[in-house]
Amino acid sequence: MLDYRFPTALQMVLSVAMAEQSGKRSTSAILAYGLEANPSFIRKLMVPLTRDGIIVSTLGRTGSIHLGRPADQITLRDIYVSVIEDKKIWASRPEVPARCVVSANACWYFKAIAQEAEEASLKVLAKRTVADALEELKTRDTSGCEAVPEPEAEIVCKKSR
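Residues in the sequence shown are numbered consecutively from 136, following the numbering used here.
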């Protein structure tokens, strides 16, 4: 089963950052619309992001979502660790009876490789901030879409194909 928590949370945080730069309001309904995601999934992801100070949310009719700290102080690693928590990137098989050299050692070997891959992934994510990601998205954008569309408006992008 694929886990969409990190890419969804990343898109949420980038959308909030873009809305802030554009002087627009962000809400869970606006995020759900923009991500074509279930609003309850968005609210579920907001819990760890809020807990870890990545976003802050105000309640009420005029409530909105904002970054919890400046975009250049939030790394993609922060977002990943927040929403994934301690779930490993790869799960190893449970211990199996030692019937040969492979079955006797495969579990610890795989765990070591998975740990190394996880550390490398986190290192890559730690090098990038939300500000960096947003700047790269804007610089490399070829969509022709508005920065932050209104939920009720029909989205029109002038993308040449």
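All residues carry an ideal CB built from backbone N, CA and C; glycine is no exception. Computed from a predicted structure; not experimentally measured.
LEU180: which of GLN250, LEU257, CYS280, SER217 sits nearest, CA to CA?
-> SER217
Could you spell out where the alpha helix (DSSP H) holding VAL259 opens and where it closes?
-> 236-261
Buried or exposed by the 16-neighbour rule on C-beta atoms within 10 Å, applied to ILE248 = exposed
For SER227, which residues from the same chain have a beta carbon less than 7 Å from its beta carbon, with the 5 sequence-adjacent residues on both sides left out?
-> CYS242, PHE245, LYS246, ALA249
Between ALA239 and the rest of its own chain, which residues show a CB-CB distance below 8 Å, the 5 nearest in sequence each way excluded?
-> ALA233
Compute the Euclidean distance between the alpha carbons of ALA164 and LEU211, then round it to the nearest angstrom.
-> 23 Å
THR185 versus GLU270, ALA144, THR264, GLY169, residue with shortest Cα-Cα distance | ALA144
Which residue from ALA268, VAL231, ALA266, PHE141 puts its Cα closest to that of ILE177?
-> PHE141
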